[in-house]
Every structure is written in structure tokens, then in C-alpha cells.
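Top line first, the protein sequences correspond to chains A and B.
Numbering-wise (the working numbering), the first sequence opens with residue 31 and increments by one.
Numbering-wise (the working numbering), the second sequence opens with residue 31 and increments by one.
2 protein chains.
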Amino acid sequence: METVGTVAGAAPATGLRERRKRLTRDALLRSSLELFAARGYEGTTVDDIVAAVHVSQRTFFRYFAGKEEVAFHVPRLAESLLVDAVRGRPPGEPPLDALRGALRESWDDIAEAVEQVVPLELHLRVYRVIESTPALLAAHLRRSSELEERLARVIAEREGVDPDTDPRPRILVAAVCGVIRVAERSWSAGDSGLAALRELTTAHLDRLGPALAEPWSDDRHTSR
Amino acid sequence: METVGTVAGAAPATGLRERRKRLTRDALLRSSLELFAARGYEGTTVDDIVAAVHVSQRTFFRYFAGKEEVAFHVPRLAESLLVDAVRGRPPGEPPLDALRGALRESWDDIAEAVEQVVPLELHLRVYRVIESTPALLAAHLRRSSELEERLARVIAEREGVDPDTDPRPRILVAAVCGVIRVAERSWSAGDSGLAALRELTTAHLDRLGPALAEPWSDDRHTSR
DNA sequence: TTGTCAACTGTCAGTCGCTGTCACTAGCCT
DNA sequence: AGGCTAGTGACAGCGACTGACAGTTGACAA
Numbered sequence: 031m032e033t034v035g036t037v038a039g040a041a042p043a044t045g046l047r048e049r050r051k052r053l054t055r056d057a058l059l060r061s062s063l064e065l066f067a068a069r070g071y072e073g074t075t076v077d078d079i080v081a082a083v084h085v086s087q088r089t090f091f092r093y094f095a096g097k098e099e100v101a102f103h104v105p106r107l108a109e110s111l112l113v114d115a116v117r118g119r120p121p122g123e124p125p126l127d128a129l130r131g132a133l134r135e136s137w138d139d140i141a142e143a144v145e146q147v148v149p150l151e152l153h154l155r156v157y158r159v160i161e162s163t164p165a166l167l168a169a170h171l172r173r174s175s176e177l178e179e180r181l182a183r184v185i186a187e188r189e190g191v192d193p194d195t196d197p198r199p200r201i202l203v204a205a206v207c208g209v210i211r212v213a214e215r216s217w218s219a220g221d222s223g224l225a226a227l228r229e230l231t232t233a234h235l236d237r238l239g240p241a242l243a244e245p246w247s248d249d250r251h252t253s254r
Numbered sequence: 031m032e033t034v035g036t037v038a039g040a041a042p043a044t045g046l047r048e049r050r051k052r053l054t055r056d057a058l059l060r061s062s063l064e065l066f067a068a069r070g071y072e073g074t075t076v077d078d079i080v081a082a083v084h085v086s087q088r089t090f091f092r093y094f095a096g097k098e099e100v101a102f103h104v105p106r107l108a109e110s111l112l113v114d115a116v117r118g119r120p121p122g123e124p125p126l127d128a129l130r131g132a133l134r135e136s137w138d139d140i141a142e143a144v145e146q147v148v149p150l151e152l153h154l155r156v157y158r159v160i161e162s163t164p165a166l167l168a169a170h171l172r173r174s175s176e177l178e179e180r181l182a183r184v185i186a187e188r189e190g191v192d193p194d195t196d197p198r199p200r201i202l203v204a205a206v207c208g209v210i211r212v213a214e215r216s217w218s219a220g221d222s223g224l225a226a227l228r229e230l231t232t233a234h235l236d237r238l239g240p241a242l243a244e245p246w247s248d249d250r251h252t253s254r
């Protein structure tokens, strides 16, 4: 239903031409991410990237619409997997549970899929760059809002409501994704591993209900 | 507590120099917004703007960090008023009510404050440009996340919790702001007036609880 | 009033992201 | 083997933005 444009570890590679294309594309991707992680996003010029891969600048822009697209290649992959996971949830499940379940379930698939493209550790470093670079954070949030739209449509379909007249799918997804981003953000500020993010995310999701409840009880809702 | 850099309708204007400065600043702001509304954001170059005001490009960049900053001058104003409104809510009020109350309450103040800078109608047109221009939408979302951070701190202070250890303030604010953005977004797609946005926002907020509830009931939650 | 200082502004040159054009190389197919 | 064309590099150009330098003009004191 969607061509993600997998980079490595898929498709048998037919002709020489296509093989070479994939090679330069891969090289551009890897070099870009490594440079972003090392020098930062703004500190990396397109000229730096193409110099490392020995290609002309023009070629870079034939493969990617811009620096930004390179930075979000891996996140795009992860998003598609999440959407698929929600789509594959048991039909009877309440919407909130479906989202939470899909999140927990898709985690390992995502890690695996990412690893086939670039080392997971590199991706995590790039992710922190994304969260800490204003321009990239902005792009990340816009992408997130597009993801929310996709998720809302899936939820709406599951529940048999029209997403254009019933606001509940979008409202639910917006709230959930908002909470997820809070978790991502506070995680990226620290330096813990993937497992920590997973736990932080689900823990925060479980606190959404109580946080909305009228007066906050005084139990320690501490985390971190 | 915060200098917002009001543009028109405040401060008696001391010397001639300052008066002239404000004049060119105002002119740049007005011309920019009018051009954005007329030709779109990307369709408007800085050269277009400075040509309309008869100043050099360099001058434009001395007053504003870039095109983006001009576009968000008015939203920035509104955000500050909202934060102040939350801060001024009665201490005993539960956090969710405080946010909802502040929102309803600050509405008129915001409209009034905006009108003192540019015609409200112009701002609304520019707002639709923001929502429909990818680059501006991204910037808008990033600014929103900064607003969320400010709001979360206010809520944390009101509730007497530490925002760095208790995630509930951020979670609550993220959910609420997420819902608000859903309302803004679906409003900006249509062509109704300010009053419609106000009602849509509060209506959506009231649907947050039910949308999170386990199975969705079949009452018509229709809007629009 | 006049002269000095500092603020404000314009001009110019340059960087970086990105796009259009055009010629050319090298896989691909017959 | 030879033509076709996808993929590429080299080059020119645009728009956002920045730094350096010089000119202009309010502000303020003598």
C-alpha cells in the first residue's frame, strides 16, 4: 500500500545500473547521517556530504529533495510500521488500547527495520540531533502532525466513523501523540538507551488519564 | 515580566529616532503580512517587502531575524496573553479547568491586542497562510511546543509539583494543546469567522475525556 | 549654533540551500 | 556493434541570510 523506498536489505537488485544507484543513494544516506551526528545538522553542508561520497551536488539533490529528507529517512520508516501495526490490531479493541498496543508491539519491528538501513546507534544519535536542532525539530513536528492524520484515519475506519465529521479520532490521536512526544523529548534530553524510551513512553501514556482527572491526587507520579 | 515588543498603540514614543524606528518596523510588519496574505509566504521575497517600504534588505534583517519572525509576530503576542491568563487563574482550580478557563477568558483580550497591531481580519488571513504553508506550519508547531513548555511550568507551579520529575504537567498540557491544534486546523480549512473557532475549540476540549474513554459510545459526536 | 558621538542605514561581497540547463558518459537493448 | 536513454557533472542563477565597511542623521553637550 505504500512504497517506503527501502535502502538496504531488500529487493534483489536487477541490473548494474540500479545496483549502482542504490549504492550511491546508500552512501549519501550514511555519510549524511554520520556527518549530522558528528558536526550537527547546520554544521554540515551539502558540499561536505557530496565530497565524502565523491558525487556532484546536483546528484545529491536528484536522490533527496534536500538535507531534511535525508535526516528523516529512518523516522519515515518507523512511522509506516507504526501505522501498519495499528491497522493490524484486533477489531474489537477500544481505540486507546489499540494505539497503546500497536506502539508496544511495533517497537521491535522498528528497531529491526532501522538496523537494516543504518546502525541503530547512529540513528539514535541523529535523533538527538533532530530534537536539538530548531529547524529539524520543526520539521519533525510537522511530520508528526501528518502521522497523526494517518493514524486518525485508521482509528476512524476501525471505529466506523467519518473522520471528517466526527472529531474524536483526531482528538484521541492528538492527545496520545502529544504524550508520546513529551516522552521522546525528555528521553532525548538524557542519554539512556532505547529500552528506557520504550518504558518512558508507555508509562507516560498510562498517566494521561490521571493527569486529566479533576484534581491531581498527591501520589508521587515521579519518573526519570 | 516579559517584553513583548509591542508595535503600535503603546509607549508614548520618546525621541524622534525611536519614533522613526517604530515607523519602519511597523511598515515592514504590515507590508509583510499583507504580501503574505496576497501572494503567499513563499511567493513573497524579502526584496518585495523592502521595495514596498523603501528600505534596504539589510534593514529588514536588522528588525527581524527573518521572514519567519515577521509571520509569527502576532501569534507570539497571543501566546503571551494566554500564558498570563493561565497564571492568573484562581489557585484552587483543577489544572484542566484552569487551562480551559484561561482559554475562554483570554479570547477577547487577544482579539483586542491583535487589533492594535494589525487588522484582525488580516491576521486571520495570514493565519490560514501559516496553516497551509509547510515551512510555516512546521515553525508554528515548533513554537507551539515551546508554548507547551511554558504552560507546563505554570501548571506545575500552580499545583506545587516539580516539572522536571513529575511528568503530569507536560502530559496534560500536551494533550490539551494537541486538541486545540486539531480545532485550529479544521477551522482553518474552512472559512468561518473567529467566533466559530472559539466554539470549535471549547467543544473539542469537552470531547477529550469521552474520546479517551474505553469504548466509544455511539452518540453522534458530530461537529462542523 | 555647532561639533562630536553613536545609532541607524545602505552598499557590497559572500555563503548556503536549492533549481534549471546542457552536454556527456556509460549501461542497456536490439 | 551501435543507437537509445538514464544518470551524471559542470555551470549559471535565485533567494535567504550574514559580515564588513562607509555614509547619514538624530542626540546631546559645549
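Every residue gets a Cβ at the ideal spot worked out from N, C-alpha and C, and that includes glycine.
Counting along the chain, no alpha helix (DSSP H) covers R119/B, and no H or E run does either. Pairing A168/B with R106/A gives a Cβ-Cβ distance that is not under 7 Å. In the three-state DSSP reduction, H153/B falls in the helix class (H, G or I). Assigned with DSSP and collapsed to three states, H234/A falls in helix. A distance below 7 Å separates the beta carbons of P193/B and A182/B. Here the C-alpha atom of D114/A lies approximately 13 Å from the C-alpha atom of E187/A. A check of alpha carbon separations from A81/A across V104/A, L65/A, R198/A and W137/A identifies L65/A as the nearest. Collapsing the DSSP output to three states places G131/A in a helix. Two segments are said to touch when three or more pairs of C-beta atoms, one from each, lie closer than 8 Å; by this definition the stretch 78-98 of chain A does not touch the stretch 116-136 of chain A. Between the alpha carbons of A108/A and E178/B lies a distance of about 25 Å. For Y93/B, the enclosing alpha helix (DSSP H) covers residues Q87 to Y93. Burial check for H84/A: the Cβ neighbour count within 10 Å stays below 16, so the residue is exposed.
By the neighbour-count criterion, in which a residue is buried when 16 or more other Cβ atoms sit within 10 angstroms of its Cβ, P121/B is exposed. The straight-line gap separating the alpha-carbon atoms of S62/A and S175/B is approximately 27 Å.
Looking from the CA of L111/B, the closest CA among D138/B, F90/B and E151/B belongs to D138/B. Selection V104/B, E135/B and V209/B evaluated against L238/B yields V209/B as nearest (Cα-Cα). No Cβ of chain A is located within less than 7 Å of the beta carbon of W217/B. In the DSSP assignment, G208/A falls within the unbroken alpha helix (DSSP H) covering R198 to A219.
DSSP, reduced to helix, strand and coil, places A141/A within a helical segment of the structure shown.
Put simply, the CB of I140/A is far from chain B, with every gap to its CB atoms at 7 Å or more.
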